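First comes the structure, then the notes that go with it.
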Ligand code: ACO
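Residue numbers (the numbering used here): 32 to 362.
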C-alpha cells in the first residue's frame, strides 16, 4: 500500500509594524536626500521604525499577538518549535526565538536562523522539513527585524532603504491540494563583500574589511537581485510542476520597486498579480514577505487554492524561492 505523503503548509499568519513612521520628507530634514530621489530610485515613501526601547523579540511577540487576534489564542496550542529568522537578534545568546518561546510559555524547541533577507523563506523550508518528516507538528516560522538599529544614519545610500517589522507564520500538515509545493535555496558567498554588517569578526574570509554598520554596494546587489529573482522563481515554478500562468499572486521580497518590476516583467506577470508594500515599509528584510502576505490577505487578494510565488534575496549573497498553494488551515 502506498503511504500518503505528509505536506506542510501555512495555516495561520500575523504581522506587526512599529507605530513610529519616518517619511522620505522626514529623512530629508536631517540628511542630504529627497522624496523625489528615494521614491523614483526605490519606490519607498515611508518606513516603520522600532522605538528606542523596542527590539526584535518585541516585534516578533507583537506579530504573534496579531496572529492570536486573527485566529484565537488557542492557535498556539501544540506549537513544538519556534524559529526566528533575523539579522538583528537582541543577543548573540540566548536566541530571540527562546525569548519568544518563554513569553508565550510554549513547550517547544527554539532557535534563530541567519540567512539575511531570505531568512524567513529559509525558516519556512526548515519548518516544512520538520513537519513533513514528523519531527515537529506545529512550527512557528517568524521573520523579525530591527534593522534601523544597525544602520548608519549618516550613510544616505543605505539609511533610506530599511525599516523594521515582523511577520509570524504557523506551519503544520495540510491536506492536498494545499501546502508548500517547491523550495529553491541558494547562496554565493563570493558576493559577501557587496553587503555585510559586522558582528565579532574583523573581515570576511576574502579579506574584505567589515564596517561597523550595514555596508552595501547597491548597484552590485541590484544586478544580482534582478538575475536571481528570475532564475530562482522559474526553478520554483518548474519544481512545483506548474506554469507561470498558474501563479495567482507573486509575493517578492520588498527591497526596491524597480527590482520587483524587473522580476515581474521577466516573468511576464500582470501588474495586478504582484504584492507591493515597499512604499509603506521599506525593506524590513526577513519580515518583508510574511508582512506582505498579511497585507494581501487583508486586502482580499489571497483565497484558498491560490498558488503563491515567493522569492527573496539578500546578503550572503543568498536567495530563496517557493511556490505554495494557500489554504488548508483554519481560516
Ligand atoms: N539621496 C540622494 N542621493 C543619493 C542617495 C540618497 N538617499 N543615495 C545615493 N545618492 C546619490 C549617490 O551618491 C550618487 O551620486 P553621484 O552620482 O553624485 O555619485 C547617485 O545618487 C546615484 O547613486 P546610484 O548608486 O547610482 O543609484 P542607483 O540608481 O543604483 O540606486 C540603490 C541606488 C537604490 C541603492 C540601488 O542600487 C538599489 O536598490 N540596490 C539594491 C539594494 C537592495 O535591494 N538591497 C537589499 C539587500 S537585502 C539584505 O539582505 C539587507
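Glycine included, every Cβ here is placed at the ideal spot set by N, Cα and C.
As the structure is a computational prediction, the values presented were derived from the model and not from experiment.
Under the three-state reduction of DSSP, which class applies to residue 73: helix, strand or coil?
helix
In chain order, what residues of the same chain lie with their CB nearer than 7 Å to the CB of residue 135, ignoring the 5 residues before and after it?
95, 107
Could you give the DSSP three-state label for residue 300: helix, strand or coil?
coil
For the ligand ACO, I want to know if residue 342 counts as a neighbour, meaning its beta carbon is within less than 6 Å of at least one of the ligand's heavy atoms.
no
Can you tell me whether residue 63 is buried or exposed? The criterion is at least 16 other CB atoms within 10 Å of its CB, across all chains shown.
exposed
Compute the beta-carbon to beta-carbon distance between residue 175 and residue 115, rounded to the nearest angstrom, for a pair I have assumed lies under 8 Å.
6 Å
Helix, strand or coil at residue 325 [DSSP, three-state]:
helix
DSSP beta-bridge partners for residue 234?
240
Among 235, 228, 98, 353, which residue has its Cα nearest to the Cα of residue 275?
353
Which residue marks the beginning of the alpha helix (DSSP H) containing residue 98, and which one marks its end?
87-102
Which of the three DSSP states, helix, strand or coil, is assigned to residue 36?
coil
Tell me, please, whether the segment 201-220 touches the segment 338-352 by the rule of three or more beta-carbon pairs shorter than 8 Å.
yes
Classify residue 89: buried if its beta carbon has 16 or more other beta carbons within 10 angstroms, exposed otherwise.
buried
In terms of residue numbering, what span does the beta strand (DSSP E) encompassing residue 107 cover?
Premise fails: residue 107 is in no beta strand (DSSP E) and is neither H nor E.
Straight-line CA distance for residue 210 to residue 157?
14 Å
To which residues does DSSP link residue 350 through a beta bridge?
217, 344
Identified DSSP bridge partners for residue 282
341
Distance check for residue 305 and residue 1, CA to CA, integer angstroms please.
Nothing can be reported for residue 1, as the shown portion of the chain is limited to 32 through 362.
At least three beta-carbon pairs within less than 8 Å, the segment 287-306 to the segment 259-268:
yes
Just checking residue 152 against the ligand ACO - is the residue's beta carbon closer than 6 Å to any of the ligand's heavy atoms?
no
Assign residue 242 to buried or exposed, taking buried as 16 or more other Cβ atoms, counted over all protein chains shown, within 10 Å of its Cβ.
exposed
Compute the beta-carbon to beta-carbon distance between residue 197 and residue 46, rounded to the nearest angstrom, for a pair I have assumed lies under 8 Å.
7 Å
CA-to-CA distance, residue 279 to residue 299, given in whole angstroms:
13 Å
Under the three-state DSSP convention, the category residue 123 falls into:
coil
Considering just the uninterrupted stretch of the alpha helix (DSSP H) at residue 310, what are its terminal residues?
309-312
Can you tell me whether residue 169 is buried or exposed? The criterion is at least 16 other CB atoms within 10 Å of its CB, across all chains shown.
buried
Short Cβ contact (7 Å threshold) for residue 119 with residue 143:
no
Does the Cβ-Cβ distance between residue 310 and residue 109 come in under 7 Å?
no
Among 286, 317, 282, 323, which one has its Cα closest to the Cα of residue 339?
282
DSSP state of residue 264 mapped onto helix, strand, coil
helix
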